[in-house]
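These protein sequence lines map, in sequence, to chains A and B.
Residue numbers for the first sequence follow my numbering, so the first one is 1 and each next one is one higher.
Residue numbers for the second sequence follow my numbering, so the first one is 115 and each next one is one higher.
Cβ atoms here follow ideal geometry from the backbone N, Cα and C, with glycine treated the same way.
Please read all numbers here as calculations on a predicted model, not as lab measurements.
Quick notes on the structure that follows.
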Amino acid sequence: AQSVTQLDSHVSVSEGTPVLLRCNYSSSYSPSLFWYVQHPNKGLQLLLKYTSAATLVKGINGFEAEFKKSETSFHLTKPSAHMSDAAEYFCVVTTTSGTYKYIFGTGTRLKVLA
Amino acid sequence: SAVISQKPSRDICQRGTSLTIQCQVDSQVTMMFWYRQQPGQSLTLIATANQGSEATYESGFVIDKFPISRPNLTFSTLTVSNMSPEDSSIYLCSVVRADTQYFGPGTRLTVL
Chain A
1 AQSVTQLDSH VSVSEGTPVL LRCNYSSSYS PSLFWYVQHP NKGLQLLLKY TSAATLVKGI
61 NGFEAEFKKS ETSFHLTKPS AHMSDAAEYF CVVTTTSGTY KYIFGTGTRL KVLA
Chain B
115 SAVISQKPSR DICQRGTSLT IQCQVDSQVT MMFWYRQQPG QSLTLIATAN QGSEATYESG
175 FVIDKFPISR PNLTFSTLTV SNMSPEDSSI YLCSVVRADT QYFGPGTRLT VL
């Protein structure tokens, strides 16, 4: 069975400083992993995805994530936070078996301080 | 990617009534999904809707409460029946394309 744990419910950073949002997963199969962002009163937007190709995945808006099988982690990073990055971020795991069961983490709310 | 629209975008309803939410996709897809996002919470899958067959519901969700229709490959509806304040949530539909899930903008439902 698959599961995903987002280790921090809230993260605060100052504008211009690095962002780290942590995600650990559990999967019996080769997982596909995703990060989505949800701005206030907006829909979910795909930031990036990992599907067994390169372990370092680059996404939109300067975000990237590294798949580490030995640590079962898929942490999201950004070198320099911008005020517009303030949002809720969801880590998602699924299998490539075609069942399309997407398991969502509980979310991390990112606050960016001026 | 996929372009998904939902109607209505928001509604305020009285308890005991029902609301039908529509989801339209820009091109044909085999499966459509309905999620609920309660205030301050993550997403929970309600059901998977395949065209031409009954929807498959997740544990804790039943057809009498959340009937779903899937009349064709680009459209689906979710009805929230006999609503109570606990049904106040954002309801999102989604589709999978190229092994990636895309979401509609959501319907924000408030039940008084």
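Note down, in chain order, every chain B residue with its Cβ under 9 angstroms from the Cβ of Phe90/A. Those are Ser156, Leu157, listed as they occur along chain B.
Going along the chain, which residues of its own chain have a beta-carbon closer than 7 angstroms to the beta-carbon of Leu46/A, five neighbours each way excluded? So the list reads Phe34, Tyr36, once near-sequence residues are dropped.
Would Arg22/A and His75/A qualify as a contact pair, given that the criterion is a beta-carbon distance under 8 angstroms? Yes, Cβ-Cβ distance for Arg22/A and His75/A is below 8 angstroms.
Closest residue to Ser175/B among Val194/B, Thr134/B, Arg124/B (Cα-Cα distance): Just to set this straight, residue 175/B is Phe in the shown sequence, not Ser. From the listed residues Val194/B, Thr134/B, Arg124/B, the smallest Cα separation to Phe175/B is found for Val194/B.
Below 8 angstroms on the Cβ atoms is my guess for Glu88/A versus Thr77/A; work out the distance and round it to an integer in Å. That belief does not hold up - the Cβ atoms of Glu88/A and Thr77/A are roughly 17 angstroms apart, past 8 angstroms.
Distance cutoff 8 angstroms, beta carbons only. Does Leu44/A sit that close to anything in chain B? At least one chain B Cβ lies under 8 angstroms of Leu44/A.
Measuring CA to CA, which of Gln155/B, Asp201/B, Ser183/B, Asn196/B is closest to Tyr104/A? Going by the sequence as given, residue 104/A is Phe instead of Tyr. The candidate whose alpha carbon is nearest that of Phe104/A is Gln155/B.
Cross-strand partners of Val225/B (DSSP beta bridge): According to DSSP, which records beta bridges pairwise, Val225/B is partnered with Cys127/B.
Can you pull the DSSP bridge partners for Ser208/B? The bridge partners DSSP lists for Ser208/B are Phe147/B, Phe217/B.
When you compare the CB positions of Thr191/B and Ile182/B, do they come within less than 8 angstroms of one another, or not? Yes, the Cβ-Cβ distance between Thr191/B and Ile182/B is below 8 angstroms.
Check whether chain A comes within 8 angstroms of Thr221/B, counting only Cβ atoms and requiring the distance to be less than that. With 8 angstroms as the cut-off, Thr221/B does not count as an interface residue toward chain A.
Determine the extent of the beta strand (DSSP E) in which Tyr29/A is found, giving its start and end residues. DSSP places Tyr29/A in no beta strand (DSSP E); its state is neither H nor E.
Start and end of the beta strand (DSSP E) containing Thr134/B? The continuous beta strand (DSSP E) containing Thr134/B extends over residues 133-139.
Taking only beta-carbon positions, decide if Gly166/B is within less than 8 angstroms of chain A. With 8 angstroms as the cut-off, Gly166/B does not count as an interface residue toward chain A.
Outcome for Thr170/B when other beta-carbon atoms lying within 10 angstroms are tallied against a minimum of 16: In this structure Thr170/B is exposed. Its beta-carbon is surrounded by fewer than 16 other beta-carbon atoms within 10 angstroms.
In the DSSP assignment, what are the bridge partners of Thr191/B? Thr191/B is bridged by DSSP to Gln136/B, Ser183/B.
Using a Cβ-Cβ cut-off of 6 angstroms (strictly less than) and excluding sequence neighbours within five positions of His10/A, which residues of its own chain qualify? Apart from sequence neighbours up to five positions away, the residues of its chain that approach His10/A with a beta-carbon distance below 6 angstroms are Arg109, ordered along the chain.
For Gly218/B, which residues in chain A fall below 8 angstroms Cβ to Cβ? In chain order: Gly43.
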